Ligand code: 3PG
């Protein structure tokens with residue numbers, strides 16, 4: 514396993530974040546770290562995403578930070594510039610994968626069927642996002658693919674407190690991703706105490 518894979522494997526749940534105000538990023542990171550999830554996948558779904566990644570990195574040099582919803586080379590460049598550890602894409606785009614590999618940036622692309630897993634494996638990838646997990650067959654689909662392919666999966670999309678343990682029980686699962694513990698309104702309204710409770714609940718589930 515790479516250092517990043519080892520960290521994902523240890524943390525087990527990756528909060529997937531859409532943050533519209535980058536000035537809140539450092540505080541958000543602090544709440545995640547202090548309550549047991551020292552990791553964030555900051556998605557390119559808001560204009561201030563790259564600045565938010567940069568603010569988290571500056572405040573917490575050792576935090577595991579990913580850039581999510583990466584759809585093209587420009588976003589890969591912005592993610593590298595922001596100092597993230599890895600890139601996540603919702604789908605498997607060989608152009609984006611190749612570009613990350615040229616730049617030495619770890620990428621976890623999304624797959625949800627055997628053909629895509631094989632294409633990703635052919636490019637040397639060993640950790641893949643299973644997305645959208647629940648809509649693509651959930652734990653049953655994941656188990657079926659895990660029986661065949663020697664790769665690790667990060668299920669995301671529909672993972673929740675109800676099913677996260679079932680996903681984590683599958684041996685090929687390195688970590689689960691999800692938005693449920695970082696609701697946008699709590700971030701937007703700086704309701705850090707409530708956020709801390711949600712993060713602690715997740716940390717408790719995986720402990
Ligand atoms: C993602 O970007 O990975 C997903 O949108 C997260 O899905 P969720 O909101 O169901 O956790």
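Numbering (the numbering used here), first residue to last: 514 to 720. Using N, Cα and C, we set each Cβ at its ideal position, and we do this for glycine too. Quick caveat: nothing in here was measured; it's all calculated off a predicted structure.
Closer than 8 Å, CB to CB, is residue i near chain C or not?
i: residue 579; result: Chain labels in this structure do not include chain C; a single protein chain is all it has.
For residue i, name the three-state secondary structure that DSSP assigns.
i: residue 633; result: helix
i: residue 537; result: helix
i: residue 699; result: helix
i: residue 556; result: strand
i: residue 528; result: strand
i: residue 641; result: strand
i: residue 717; result: helix
Regarding residue i and ligand 1, is the C-beta to nearest heavy atom distance less than 7 Å?
i: residue 674; result: no
i: residue 515; result: no
i: residue 670; result: yes
i: residue 690; result: yes
i: residue 637; result: no
Taking residue i as the reference, which of the options has the closest Cα?
i: residue 682; options: 537, 667, 583; result: 667
i: residue 618; options: 720, 719, 518; result: 518
i: residue 608; options: 633, 596, 598, 593; result: 633
i: residue 700; options: 719, 521, 529; result: 529
i: residue 692; options: 605, 623, 539, 553; result: 553
Below 8 Å, how does it come out for the region 625 to 639 and the region 659 to 668: are there three or more Cβ pairs, yes or no? yes
Can you list, in chain order, the stretches of the beta strand (DSSP E) that have 3 or more residues and sit fully within the region 649 to 680? When DSSP assignments are scanned along the region 649 to 680, the uninterrupted stretches of beta strand (DSSP E) that are 3 or more residues long and fall wholly within it turn out to be 665 to 668.
Check whether the region 559 to 577 touches the region 522 to 536, taking contact to mean three or more Cβ pairs, one atom from each stretch, closer than 8 Å. yes
Where in the region 561 to 606 do unbroken runs of the beta strand (DSSP E), each at least 3 residues long, occur, reported from the N-terminal end onward? 577 to 581, 599 to 602
Hey, is the region 701 to 708 in contact with the region 673 to 689, meaning 3+ C-beta pairs nearer than 8 Å? no
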